[in-house]
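Asker:
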Amino acid sequence: MNFQINILLGSDVPIYRQIVEQVKHAVAIAALKEGDSLPSIRSLANRLVVNHNTVAKAYNLLVAEGIARSEKGRGLFIATHRNLYSKEELRRRFNESADRFVGDVLMLGFKKSEIIEGIQSRLADVAILKD
Amino acid sequence: MSEYVIETNDLTRYFGSKAAVKQLNLQIPKGGVFAFLGRNGAGKTTTIRMLLGLMEPTRGSATVLGKDCQNLTPADRSRIAYVAEGHFIYGWMKIRELEAFQSSCAANWNRDLFRTVIEHFGLKENMKARSLSRGQRAGVCLALALAPEPELLILDDPTLGLDPVARRSLVEAMLMVTQNRDRTILFSSHQMDDVERVADWIAILDEGELSVCCSPDEFLKRLSRWVLRFSDEVPPVPELPGLVHAMQYPNELHLTIANYNEKTEELLAGLNPKSIEQTNLSLENGVIDYLSGNSRIVSLLQHAGGVL
Numbered sequence: 001m002n003f004q005i006n007i008l009l010g011s012d013v014p015i016y017r018q019i020v021e022q023v024k025h026a027v028a029i030a031a032l033k034e035g036d037s038l039p040s041i042r043s044l045a046n047r048l049v050v051n052h053n054t055v056a057k058a059y060n061l062l063v064a065e066g067i068a069r070s071e072k073g074r075g076l077f078i079a080t081h082r083n084l085y086s087k088e089e090l091r092r093r094f095n096e097s098a099d100r101f102v103g104d105v106l107m108l109g110f111k112k113s114e115i116i117e118g119i120q121s122r123l124a125d126v127a128i129l130k131d
Numbered sequence: 132m133s134e135y136v137i138e139t140n141d142l143t144r145y146f147g148s149k150a151a152v153k154q155l156n157l158q159i160p161k162g163g164v165f166a167f168l169g170r171n172g173a174g175k176t177t178t179i180r181m182l183l184g185l186m187e188p189t190r191g192s193a194t195v196l197g198k199d200c201q202n203l204t205p206a207d208r209s210r211i212a213y214v215a216e217g218h219f220i221y222g223w224m225k226i227r228e229l230e231a232f233q234s235s236c237a238a239n240w241n242r243d244l245f246r247t248v249i250e251h252f253g254l255k256e257n258m259k260a261r262s263l264s265r266g267q268r269a270g271v272c273l274a275l276a277l278a279p280e281p282e283l284l285i286l287d288d289p290t291l292g293l294d295p296v297a298r299r300s301l302v303e304a305m306l307m308v309t310q311n312r313d314r315t316i317l318f319s320s321h322q323m324d325d326v327e328r329v330a331d332w333i334a335i336l337d338e339g340e341l342s343v344c345c346s347p348d349e350f351l352k353r354l355s356r357w358v359l360r361f362s363d364e365v366p367p368v369p370e371l372p373g374l375v376h377a378m379q380y381p382n383e384l385h386l387t388i389a390n391y392n393e394k395t396e397e398l399l400a401g402l403n404p405k406s407i408e409q410t411n412l413s414l415e416n417g418v419i420d421y422l423s424g425n426s427r428i429v430s431l432l433q434h435a436g437g438v439l
């Protein structure tokens, strides 16, 4: 597993949120797969040099959102992927993210064909990750 | 017996006619790390000194580990460790002698813990205190404080003047202490990075008064920052409930507001700005806004034409 959580201090995103987002992202791009284990609360807290309650909070959230499941005495594991959001919410999130991306790349001066090509090559990369 | 490790009731201290601490009501739960924030002279050290029974309150009272802090017995004190600001140690002693000296007055002394902390700071027992750097002295003070395995650890600005390596060592040592859930740490600090790493709770003291006491998450949830843009001149800063800080820029008014609600929204709209937008707020900026109060309404960097 080639996945490392890193945090940024002084950010407007609280540390526990950063941990949750990074795990979610890793699941989305298949850097973490179902059944992969996450580091123990203590070991991650020690490595990041943060309060273990902060890591515990992130892990609780990951479990509550169905991203991970906790096995007593064994730790946290990535759960089977389930759809966490309603259809409307999924669409809303998609649009939000697409708007941001399209805005950014148009601003950088890319043409429509270049944008489509770029996305396709990215999706191909992800497809390889998902084997 | 109180469920709180520290509880203060209208704790007040005057120096002459000036109130250093005003009617402080603080409840610190057992376990976890409590960060005490505030500007220089806000009353943090005075509060800590009263909690330890080193200074009498003018009014009010406080309990520490359920005991009145004016009448702490040696047995009570052995459950509390205190590291004063500046990391004072006797210069003529070696670390080994400092340990022997301190342990002779302690009911309980964990030698392994002492050595572990000393080594963590890259120190040897035969080093002389006088020759130590500030960071090394911090390490010795911390080792001396931790070896009796206190239930409550009070650190007054422990990272003041430390280099980044010593600071990190200190933060790691604090986190090590909290791995035991029965231990509580109260520390004052100006280093928001450290606070973000370790604190379960933050309390902000402003000119002797408590203005915030909650978890860092709660703090950021309740606080929001808004940017109002105007086509021409920025109106004077309005009276707003929950206004924490205002900053004026050319054509822009930045407002940090606690407990933003529909009423606040209405009041902001009443200023007729061209646009209202919420922006992001980090813990550090939120705390700075709280501590700035009425100062810093115009940024020093915004002086028209500059002063230099």
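As given, the protein sequences belong to chains A and B, one line each in that order. Number 131 marks the last residue of the first sequence (the numbering used here); no jumps. Number 439 marks the last residue of the second sequence (the numbering used here); no jumps. C-beta atoms are modelled at their ideal positions from N, C-alpha and C, and glycine is treated no differently.
Does the stretch 412-421 of chain B come within contact of the stretch 308-328 of chain B, defined as at least 3 CB pairs closer than 8 angstroms?
Answerer: Short answer: they touch.
Asker: According to DSSP, what are the bridge partners of V195 of chain B?
Answerer: DSSP output for V195 of chain B lists B:I137 and B:K198 as bridge partner(s).
Asker: Do R170 of chain B and P281 of chain B have their C-beta atoms closer together than 8 angstroms?
Answerer: Cβ atoms of R170 of chain B and P281 of chain B: not closer than 8 angstroms.
Asker: What does the Cβ neighbour count give for N390 of chain B, buried or exposed, with the cut at 16 atoms within 10 Å?
Answerer: Label assigned to N390 of chain B: exposed.
Asker: What does L412 of chain B reach in chain A if we use C-beta pairs closer than 9 angstroms?
Answerer: Those are D12, listed as they occur along chain A.
Asker: Distance, Cα to Cα, A193 of chain B vs P160 of chain B?
Answerer: So the two alpha carbons sit approximately 14 angstroms from each other.
Asker: Report the start-end ranges of each alpha helix (DSSP H) in the stretch 372-429 of chain B that is 4 residues or longer and not cut off at the edges.
Answerer: The stretch 372-429 of chain B contains these whole alpha helix (DSSP H) runs: 393-400 and 414-423.
Asker: Is A231 of chain B helix, strand or coil when you go by DSSP?
Answerer: Helix at A231 of chain B.
Asker: May I ask you to report which of helix, strand or coil DSSP gives A98 of chain A?
Answerer: Helix at A98 of chain A.
Asker: Indicate whether F77 of chain A and A31 of chain A have their beta-carbon atoms separated by less than 8 angstroms.
Answerer: No, they are not a contact pair.
Asker: Looking only at its own chain, which residues have a Cβ that is under 7 angstroms from the Cβ of D12 of chain A, when we skip the five neighbours before and after it?
Answerer: None.
Asker: According to DSSP, is P160 of chain B part of a helix, a strand, or is it coil?
Answerer: Strand.
Asker: What residue does the beta strand (DSSP E) around A212 of chain B start on, and which one ends it?
Answerer: I211 to V214 is the extent of the beta strand (DSSP E) around A212 of chain B.
Asker: By the three-class DSSP mapping on this structure, what secondary structure does S43 of chain A have?
Answerer: The answer is helix: DSSP assigns S43 of chain A an H, G or I state.
Asker: So for Y16 of chain A, helix, strand or coil by DSSP?
Answerer: Helix, per DSSP.
Asker: Can you check whether the C-beta of L9 of chain A is within less than 8 angstroms of a C-beta belonging to chain B?
Answerer: It does: the Cβ of L9 of chain A has a partner Cβ on chain B nearer than 8 angstroms.
Asker: Hey, is G163 of chain B's beta-carbon within less than 8 angstroms of any beta-carbon in chain A?
Answerer: Closer than 8 angstroms: yes.
Asker: So E396 of chain B packs on V358 of chain B, CB below 8 angstroms; how close in whole Å?
Answerer: Not confirmed; about 14 angstroms, so no contact.
Asker: Is the beta carbon of T176 of chain B closer than 8 angstroms to that of D287 of chain B?
Answerer: Going by C-beta atoms, D287 of chain B is nearer than 8 angstroms to T176 of chain B.
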